[in-house]
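Enquirer: The numbering used here numbers the first residue of the sequence shown as 2 and each following residue consecutively. Cβ atoms here follow ideal geometry from the backbone N, Cα and C, with glycine treated the same way.
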Amino acid sequence: MSRSYKIALIPGDGTGPEVVSEGVKVINKASERFGFKLEYNEFDFGGDRYIKTGEILPEGAIDELKKYDSIFLGAIGHPDVKPGILEKGILLRLRFELDQYINLRPVKLYPGVECPLKDKTPEDIDFVVVRENTEGLYAGAGGFLKKGTPDEVAVQESINTRKGVERCIRYAFEYCKKRKKELKLTLCGKTNVLTYAFDLWERTFYEVAKEYPEIKVDYAHVDAITMWFVKNPEWFDVIVTDNMFGDIITDIGAMIQGGMGIAAGGNINPEGVSMFEPIGGSAPKYTGQNIINPLAAICAGGMMLEHLGETEAGKKVEQAVMEVTGKHIKSLQAGKMGLSTSEAGDLVADLVSRI
Ligand code: IPM
Ligand code: MN
């Protein structure tokens, strides 16, 4: 029987639908070329639905999504909805309830892409951040005391469980081993100040490291790593870190690889349903103009194919994107590509079927 995958599409808000449709165009071409089938079902979760119905995620949505092989998400965030409602109610809820405990974010400078770092080339910028995706400061633990009074107290706690930390660290070691680049894994933390949370991370890291003698281990404080991303990005192969630090350092990562127009990520549950997304936001001001850069979403589609086991197809998508950045696109910025959104998608799709 031929290989076939059921994909849940959540185009979401703003430019999300435009970029997801280019992503679908490209992965469909890959499926034709590599002989597998993709079946889609679309879900209208996002700001418009919330404004119309008052419902963020319908009853049963999570159980329904569990029936799919993967989820392809565009963007969540609407200018007319208070910040936080959709992000927490959709994106974070899906990550948590589907137990997508890894946020995998490759940072790779593609050929032809303008890098803000002087003298750095694609050889220097090629690493992957493994961000813990279900715990830490994102867990939602804490609360207010005496809210709204002069004596108000707000507490936001970072939750780090041995189980959660260990499974993330193990994933990072395995990923580093499979990636076979430098075989080097760096723990990013703040052991000099956060002496409970990162004590647990550090102990777990060095314990698990004993099972991987072939992997060189290293440690960097989060503040220092932001400096080194700018000064010596070539030092890194795979980095593992907690949820909040991972959120912050991957935005710097996105910038040194050329911007949000190219940065993709995967929310991964190695035992369940994973979700792939461009990591930039919904870019409301560019909505509907056919000028947003779809490459990040296309790269997310490629990551999804690799995750589904269609490794060759995923690699081909990446190769096609590299060809486009190297030869056909002027800039990664919306409106400055020298191509429309759909033309950029057409170009990658065509390359996927013939290079
Ligand atoms: C990201 C985003 C999200 C996060 C927001 C939108 C909740 O910044 O995917 O990095 O903080 O994880
Ligand atoms: Mn972020």
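1) Determine the direct distance from the alpha carbon of Ser-3 to that of Ala-298, and round the result to whole angstroms.
2) Can you tell me which of Ser-332, Arg-355 and Gly-267 puts its alpha carbon nearest to the alpha carbon of Val-130?
3) Closer than 7 Å: is that where the CB of Lys-14 sits relative to any heavy atom of the ligand MN?
4) Around the Cβ of Lys-30, are there at least 16 other Cβ atoms within 10 angstroms (buried) or fewer (exposed)?
5) Could you give the first and the last residue of the continuous alpha helix (DSSP H) run that contains Tyr-1?
6) Return the residue from the list Pro-107, Gly-47, Ile-63 and Leu-118 that minimises the CA-CA distance to Gly-85.
7) With respect to the beta strand (DSSP E) encompassing Glu-158, which residues constitute its N-terminal and C-terminal limits?
8) How would you label Leu-348, buried or exposed, when you count the other beta carbons within 10 angstroms and need 16 or more for buried?
9) Terminal residues of the continuous alpha helix (DSSP H) containing His-222?
10) Under a three-way DSSP split, which group does Pro-285 fall into?
11) Which whole-angstrom value describes the C-beta separation of Glu-43 and Leu-10, a residue pair presumed to lie in contact below a C-beta threshold of 8 Å?
12) Does the region 242 to 260 touch the region 103 to 114, meaning 3 or more C-beta pairs lie closer than 8 Å?
13) Tell me the rounded alpha-carbon separation between Glu-313 and Tyr-213.
14) Could you tell me which residues DSSP pairs with Ile-240 in its beta bridges?
15) Looking at Asp-243 and the ligand MN, is the gap between the Cβ and the nearest heavy atom below 7 Å?
16) Can you give me the start and stop residues for the alpha helix (DSSP H) that Ser-22 sits inside?
17) Which parts of the region 32 to 115 are runs of the beta strand (DSSP E), unbroken and 3 residues or longer, counting only runs that do not cross its ends?
18) What's the gap between the Cα of Asn-291 and the Cα of Leu-309?
19) Evaluate Gln-157 with the Cβ neighbour count: other Cβ atoms within 10 Å of its Cβ, from every protein chain shown; 16 or more gives buried, anything less gives exposed.
20) Can you tell me which of the three DSSP states Lys-7 falls into?
21) Please go through the same chain and pick out, in chain order, the residues whose beta-carbon is closer than 6 Å to the beta-carbon of Gly-143, but skip the five residues on each side of it.
22) Residues around the ligand IPM, please: the condition is that the C-beta lies closer than 5 Å to some non-hydrogen atom of it.
23) In angstroms, rounded to a whole number, what distance separates the CA positions of Asn-294 and Lys-328?
24) The ligand MN heavy atoms versus the CB of Asp-252: any closer than 7 Å?
25) Using a Cβ-Cβ cutoff of less than 6 Å, which residues in the same chain neighbour Phe-277 once the five nearest sequence positions on both sides are dropped?
26) So, for Thr-135: in the same chain, excluding its five sequence neighbours on each side, which residues have a beta-carbon less than 8 Å away from its beta-carbon?
27) Could you give the first and the last residue of the continuous alpha helix (DSSP H) run that contains Tyr-172?
28) Give a yes or no on contact between the region 335 to 350 and the region 52 to 59, applying the rule of three or more CB pairs nearer than 8 Å.
29) Drop a sphere of 10 angstroms on the beta-carbon of Arg-168, count the other beta-carbons inside from all chains shown, and report buried for 16 or more, exposed for fewer.
30) Using only the alpha-carbon positions, how far apart do Val-21 and Tyr-176 sit?
31) Just how far apart, CA to CA, sit Gly-190 and Val-353?
32) What is the C-beta distance between Phe-37 and Ser-5, in whole angstroms, given that I count them as a contact (C-beta under 8 Å)?
33) By the 10 Å Cβ neighbour count, where 16 or more other Cβ atoms means buried, how is Leu-146 classified, buried or exposed?
34) Let me know if Ala-221 comes out buried or exposed under the rule of 16 or more other beta-carbons within 10 Å of its beta-carbon.
35) Just verifying my parser: in three-state terms, what is the DSSP assignment at Glu-319?
Expert: This is what the structure gives:
1) Here the question's residue 298 lines up with position 297 in the sequence shown. Here the question's residue 3 lines up with position 2 in the sequence shown. Each residue's Cα considered, the two are about 26 Å apart.
2) In the sequence shown, residue 130 corresponds to position 129, counting from 1. Out of Ser-332, Arg-355 and Gly-267, Gly-267 has the C-alpha closest to the C-alpha of Val-130.
3) Here residue 14 refers to the residue found at position 13 when the sequence shown is read from its first residue. Note on identity: in this sequence residue 14 is Asp, with Lys being the wrong assignment. Annotation for Asp-14 indicates a beta carbon at 7 Å or more from all heavy atoms of the ligand MN.
4) Taking the first residue of the sequence shown as 1, we reach residue 30 at position 29. Here Lys-30 is buried: its Cβ has 16 or more other Cβ atoms, across all protein chains shown, within 10 Å.
5) It is not possible to answer for residue 1, since the shown part of the chain is limited to 2 through 356.
6) The count along the sequence shown starts at 1 and reaches residue 85 at position 84. In terms of CA proximity to Gly-85, Gly-47 leads the group Pro-107, Gly-47, Ile-63 and Leu-118.
7) If you number the sequence shown from 1, residue 158 lands on position 157. Element bounds for Glu-158: 154 to 160.
8) Taking the sequence shown and counting its residues from 1, the one referred to as residue 348 is at position 347. By the C-beta density criterion, Leu-348 is buried, having at least 16 other C-beta atoms within 10 angstroms.
9) In the sequence shown, residue 222 corresponds to position 221, counting from 1. From DSSP, His-222 is part of no alpha helix (DSSP H) but of the beta strand (DSSP E) over 217 to 222.
10) Taking the first residue of the sequence shown as position 1, residue 285 is located at position 284. DSSP places Pro-285 in helix when its eight states are reduced to three.
11) Working through the sequence shown from its first residue, we reach residue 43 at position 42. Working through the sequence shown from its first residue, we reach residue 10 at position 9. Right, their Cβ atoms sit about 5 Å apart.
12) Verdict: yes, contact present.
13) To locate residue 313, count along the sequence shown from 1; it is residue 312. To locate residue 213, count along the sequence shown from 1; it is residue 212. Roughly 27 Å between the two C-alpha positions.
14) Within the sequence shown, residue 240 is the residue found at index 239, counting from 1. As computed with DSSP, Ile-240 is found in a beta bridge with Val-130 and Thr-187.
15) Looking up residue 243 in the sequence shown gives position 242. No, Cβ of Asp-243 sits at least 7 Å from all heavy atoms of the ligand MN.
16) Within the sequence shown, residue 22 is the residue found at index 21, counting from 1. First-last of the alpha helix (DSSP H) with Ser-22: 17 to 35.
17) Runs of the beta strand (DSSP E) inside the region 32 to 115: 37 to 43, 71 to 76 and 103 to 109.
18) In the sequence shown, counting from the first residue as 1, residue 291 sits at position 290. In the sequence shown, counting from the first residue as 1, residue 309 sits at position 308. Approximately 29 Å between the Cα atoms of the pair.
19) Against the sequence shown, residue 157 aligns to sequence position 156. Sixteen is the threshold: since fewer than 16 other Cβ atoms of the shown chains lie within 10 Å of the Cβ of Gln-157, the residue is exposed.
20) Here residue 7 refers to the residue found at position 6 when the sequence shown is read from its first residue. In the structure shown, the three-state DSSP call for Lys-7 is strand.
21) In the sequence shown, counting from the first residue as 1, residue 143 sits at position 142. For Gly-143, where only same-chain residues beyond five positions count, the Cβ hits under 6 Å are Val-156, Gln-157 and Glu-158.
22) Any residue whose Cβ sits closer than 5 Å to a heavy atom of the ligand IPM makes the list: Glu-88 and Asp-248.
23) As a first step, residue 294 is located in the sequence shown; it is residue number 293 there, counting from the start. As a first step, residue 328 is located in the sequence shown; it is residue number 327 there, counting from the start. In this structure, the alpha-carbon of Asn-294 lies about 16 Å from that of Lys-328.
24) Along the sequence shown, one-based indexing puts residue 252 at 251. Proximity of the beta carbon of Asp-252 to the ligand MN is indicated: a heavy atom of the ligand is located closer than 7 Å.
25) Here the question's residue 277 lines up with position 276 in the sequence shown. Excluding residues within five positions, the ones whose Cβ falls inside 6 Å are Phe-73, Gly-267, Ala-301, Met-304 and Met-305.
26) Position 134 of the sequence shown, counted from the first residue, corresponds to residue 135. Cβ within range, chain order: Arg-96, Phe-97, Asp-100, Gln-101, Tyr-102, Gly-165 and Asn-244.
27) For the purposes of this step, residue 172 is identified with residue 171 of the sequence shown, where counting begins at 1. That run of the alpha helix (DSSP H) goes 163 to 180.
28) Short answer: they don't touch.
29) Taking the first residue of the sequence shown as 1, we reach residue 168 at position 167. It counts as buried.
30) Counting from one through the sequence shown, the residue named residue 21 turns up at place 20. Counting from one through the sequence shown, the residue named residue 176 turns up at place 175. In a straight line, the C-alpha of Val-21 is about 27 Å away from that of Tyr-176.
31) Mapped onto the sequence shown, residue 190 falls at position 189. Mapped onto the sequence shown, residue 353 falls at position 352. So the alpha carbons of these two residues sit roughly 39 Å apart.
32) The sequence position of residue 37 within the sequence shown is 36, counting from 1. The sequence position of residue 5 within the sequence shown is 4, counting from 1. The pair is a contact, with the Cβ atoms about 7 Å apart (cut-off 8 Å).
33) Counting from one through the sequence shown, the residue named residue 146 turns up at place 145. Flag for Leu-146 reads exposed.
34) Taking the first residue of the sequence shown as position 1, residue 221 is located at position 220. Buried, because 16 or more other Cβ atoms sit within 10 Å of the Cβ of Ala-221.
35) Position 318 of the sequence shown, counted from the start, is the residue given in the question as residue 319. The answer is helix: DSSP assigns Glu-319 an H, G or I state.
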